[in-house]
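This report concerns only the one structure given below.
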Amino acid sequence: MSKEYETVIGLEVHVELATKTKIFCGCSTAFGGAPNTHSCPVCSGMPGSLPVLNKQVVEYAMAVGLAANCEINRNCKFDRKNYFYPDNPQNYQISQLYEPICRNGWIEIEKKDGEKKKIRIHEIHMEEDAGKLVHDTWSDTSYVDFNRSGVPLIEIVSEPDMRDADEVIAYLEQLRMIAQYIGASDCKLQEGSMRADVNLSVREKGSESLGTRTETKNLSSFRAISHMIDGERARQIDLLESGQPVVQETRHWNEDKETSYAMRSKENAQDYRYFPDPDLPPVHISDEWLQRVKDSLPELQPQKRQRYIDAYGLPAYDASILTGSKRLADLFEETVALGANPKKVSNWLMVETLRLVKEKSMDPQDIRFSAKHLADLIQMAEDGTVNNQVAKDVFEKIFTDDIDPVQYVKENGLASVNDAGALEEAVRKALQNNPNVVQQYKEGKTKVIGFLVGQVMKEMKGKANPAKVNELIGKLIQEY
Amino acid sequence: MRKTGMTATELSAAIRRGEIRVADAVKQALAEIREKDGEIHAFLTVDEEGALRKAEEIQKKIDAGELTGPLAGVPIAVKDNICTKGLRTTCASRILENFVPTYQAEAADRLEKAGMVIIGKTNMDEFAMGSTTETSAFGPTQNPAAPGHVPGGSSGGSCAAVASGMVPLALGSDTGGSIRQPSSFCGVTGMKPTYGTVSRYGLIAYGSSLDQIGPVAGNVADCAALLDVIAAYDEKDSTSMKRDRYGFSDALKKDVKGMKIGIPKEYFGDGLAKDVKDRILEAAELLKNAGAQVEECHLGLIDYAIPTYYVIACAEASSNLERFDGVKYGYRAADYEDLDDMYKKSRSEGFGPEVKRRIMLGSFVLSSGYYDAYYLKALRVKALIKEAFDRVFSEYDMILAPAAPDTAPRMGSSLEDPLKMYLSDIYTVSVNLCGLPGITIPVGKDRNGLPVGMQLIGNRCEEAKLLQAAYTCECLQKENGKEQMA
């Protein structure tokens, strides 16, 4: 490559909001359900039906906007985006073009080398989701399911401030944390509750002007986004290097083939004939309303992370991991509130919990066990009721089934045996049965004590306190 | 049996006194429809079975003292763009020919809660687009007061149903004059309330920012009583308004002393037929003699009302009518190749020419590159027109105006020149653009015996004033008539 190129990336991120009901009607937003069971005249576009705005949507959008340092538009409006498609029952989508609710914000990301960077946010607007088409290729028929039609979305549009996949992913993670902390969304790429469209162009390094961009859709994981950015950068550079122009177009990413194809170019772009929706009056956001939302904003990740370092004395690394998922942070705080040692709780969450999350390829948000059970287990490990190995085994049961560890240990007889008589008996038996090992120990090979401890543990069915066993062997071995 | 000449409120009173059974009132309406509607064609659907069943239910509630309202037991006709649960609602369009809503429009619901019986659905211009009821896909309606002439539109069916005495009351809708103009042509009383007074939930939208459901009646008192039934805040309609006061029937006082009534001289110029002008000014004279201060005023900007109205109404219509695509309900073409072809054929075959014309006009003014020049400009002019009305209302209680430039035209004479038809909306569209209330009452006939109506336009939320003046005028005309007879 003769020239050096720079990638310029901007994102349009759709986040599905966690309201109980849809944006313009009272239907449930619950995922799944038999087709068209969460639909009504409004969200199925029946003639004469009218939209009524769900105020919770405005509050979530405002909260995300405030967390992303945006200006809140105190008189925002809804517009109709007109286009024909069967999953869009009115054949227009109610969205915001002219007066979106939030504008001119920014989010700070931390790059891999620790350097901080601000990504500017152009706007955040509210809109409704479309239904789903189900194609039955056997009968060559398409069916429409309106369960998702009218589920509230916010679209967060960034400025073209990102330069590589790492920055894009750091930005998405920040957005996800904001939405999760506010409780506005669970932001799952795989399930589509967070969707990112990537606008990408390349230009010669040092150039101030922007190249022609493409927009790529259908990216359902960070991995796919990363692959797509590398692929699209290379594709555009190849075009430029061979003297061909980059065409402004919308592209569709195919993750299986790790490649994208063009969907439609700008020349074929639709005219959406946007105009203000006459069925919805402007949304006036009063000082009181804005203040109420401001006051109800929870502690966000950067503040929480700092507090974990300051108040609990956690290392910065631990604090970042724990606060990286709202669920993990909540678990941490709830467990500590029950009296458990913060560092111990942190260890259980960072090591055992995240190991299991990874093994089961889960999202940390889906961790289901209760803080009480973790706190009880930590207490039991602490006071020697169970030994470490038993504690780890019990934790797996807590993780998968949220069992009560106190009851579980009792019912399964897993408590450490601290009965001095029984322990001494087992130690003496091990010493008696292994004269050679005892001999080796006495000759200075003290490492063999491990074998003896193992024998005792076996005899005690794993329920002995290893420290005590060690201590007792040291004391009694001289008698053999 | 309902005695001829009995008003709706009189009928209800007789029913509540036990002199007339609800079922008999309904049967009489059905008999009238059978006798007259073959010729008039005011109805698209008559719900004989449902109405008789409802009559029994309502009778029980009246007998039990549960229904005591002033219109309990009265049969009513509903314009066919107002959704009625389980009863076909077509908008007089092929595209909705077999559409049966699963939900009830709020206004229709309020009729039933007041103990009124919906007899059937009335003919109209397709999707309320037209001024003659001739754009109906199911054939035109005759003007009962003037055979061979149109009843006006788009609520022509509702006005003809009342004018012919088939029903004492009807609901219409008014986007640019669709209640007031046919009321004038048919010689009945019709009112377009202040925007937001009657819920639009279940009214199949034409121009959402202009549409309003309103009453059509044989007299002012019935008109007020029906408005009392349908006017209410509705949380299902975001443009619905909580009014400080309802109780419109309280306004029925024969008194106009001190009322300041402005007559815009721009409305009485060259375009107005002489007989129409004379009848209206005679009525104005009656009000003046009764103590109203009636004088000429200046309104301005009236040349801009028509283009502004058609840009805004058609823009909204082009979007509102997108949902009729053959996918979910309504007409779908029999043969098509793919999705786009299905859309094109279903809509081409399902919509009539006037609807297509307005969809195209509306799509054009919203398209990129033209949005600012047409749609945004129209919104700005609309604001100026509003200011012009505000100026008049800062001095006058109401405006007295024609409802149409002439009496009802002959059947078949309007559609070939749509632009001319549009221009005939000159006296009515501004009221919708500004969200104002307007009422039309009959004020006599022209030399050919065709009814002439007079329109009174009020400031926002001032229906009571209009009803009071209209009621007074109605009383004065009766007295005057008696004097002349004597």
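Listed in order, the protein sequences are those of chains A and B.
For the first sequence, position 279 matches number 279 in this note's numbering, and the numbering has no gaps at all.
For the second sequence, position 360 matches number 360 in this note's numbering, and the numbering has no gaps at all.
A virtual CB, placed ideally from N, CA and C, is assigned to each residue, including glycine.
Can residue i and residue j be called in contact, C-beta distance under 8 angstroms?
i	j	result
residue 165 of chain B	residue 180 of chain B	no
residue 377 of chain A	residue 399 of chain A	no
residue 121 of chain B	residue 141 of chain B	no
residue 472 of chain A	residue 423 of chain A	yes
residue 442 of chain B	residue 187 of chain B	yes
residue 339 of chain A	residue 375 of chain A	yes
residue 430 of chain A	residue 459 of chain A	yes
residue 54 of chain A	residue 94 of chain A	no
residue 79 of chain A	residue 96 of chain A	yes
residue 230 of chain B	residue 110 of chain B	yes
residue 203 of chain B	residue 176 of chain B	no
residue 465 of chain B	residue 398 of chain B	yes
residue 283 of chain B	residue 216 of chain B	no
Got a sec? Which residues, its chain only, sit under 6 angstroms from residue i by beta carbon, not counting five neighbours each side?
i	result
residue 161 of chain A	119 and 120
residue 2 of chain B	At residue 2 of chain B the pLDDT is 46, less than 50, meaning the model places this residue with poor confidence and gives no usable figure here.
residue 157 of chain A	12, 122 and 123
residue 302 of chain B	266
residue 165 of chain A	226 and 229
Among the residues of its own chain, which have a CB less than 7 angstroms from the CB of residue i, if the five just before and after it don't count?
i	result
residue 210 of chain A	8, 160, 201 and 203
residue 40 of chain B	141, 142, 144, 160 and 164
residue 242 of chain B	233
residue 213 of chain A	199, 200, 201 and 248
Just to confirm my understanding: we take residue i, look at its own chain, exclude 5 residues before and 5 after, and list those with CB closer than 8 angstroms. What are they?
i	result
residue 221 of chain B	7, 9, 249, 252 and 471
residue 448 of chain A	437, 440 and 441
residue 464 of chain A	387, 416, 417, 423, 426, 456 and 457
Check whether the Cβ of residue i lies closer than 8 angstroms to any Cβ atom in chain B.
i	result
residue 243 of chain A	no
residue 98 of chain A	no
residue 56 of chain A	no
residue 90 of chain A	yes
residue 41 of chain A	yes
residue 82 of chain A	yes
residue 273 of chain A	yes
residue 35 of chain A	no
residue 144 of chain A	yes
residue 53 of chain A	yes
residue 47 of chain A	yes
residue 279 of chain A	yes
Tell me where the beta strand (DSSP E) around residue i begins and ends.
i	result
residue 379 of chain A	Segment 371-382 is the alpha helix (DSSP H) holding residue 379 of chain A; no beta strand (DSSP E) there.
residue 444 of chain B	438-445
residue 197 of chain A	194-204
residue 59 of chain B	Note, residue 59 of chain B: premise wrong, no beta strand (DSSP E); alpha helix (DSSP H) at 48-63.
residue 398 of chain B	398-402
residue 452 of chain B	451-458
residue 106 of chain A	102-110
residue 172 of chain B	169-174
residue 263 of chain A	259-265
residue 295 of chain B	293-297
For residue i, which residues does DSSP report across the bridge?
i	result
residue 217 of chain A	A:252
residue 134 of chain A	A:143
residue 80 of chain A	A:94 and A:275
residue 158 of chain A	A:121
residue 448 of chain B	According to DSSP, which records beta bridges pairwise, residue 448 of chain B is partnered with nothing at all.
residue 192 of chain B	B:438
Would you verify that the beta carbon of residue i is, or is not, closer than 8 angstroms to some beta carbon of chain A?
i	result
residue 77 of chain B	no
residue 233 of chain B	no
residue 1 of chain B	With a pLDDT of only 41 at residue 1 of chain B, under the threshold of 50, the placement of this residue in the model should not be trusted, and no figure is reported.
residue 100 of chain B	no
Looking at the secondary structure, which residues open and close the alpha helix (DSSP H) in which residue i lies?
i	result
residue 128 of chain B	Where residue 128 of chain B is concerned, there is no enclosing alpha helix (DSSP H), given that its DSSP letter is neither H nor E.
residue 14 of chain A	Per DSSP, residue 14 of chain A belongs to no alpha helix (DSSP H); it is in the beta strand (DSSP E), 5-16.
residue 227 of chain A	222-241
residue 360 of chain B	353-366
residue 174 of chain A	165-182
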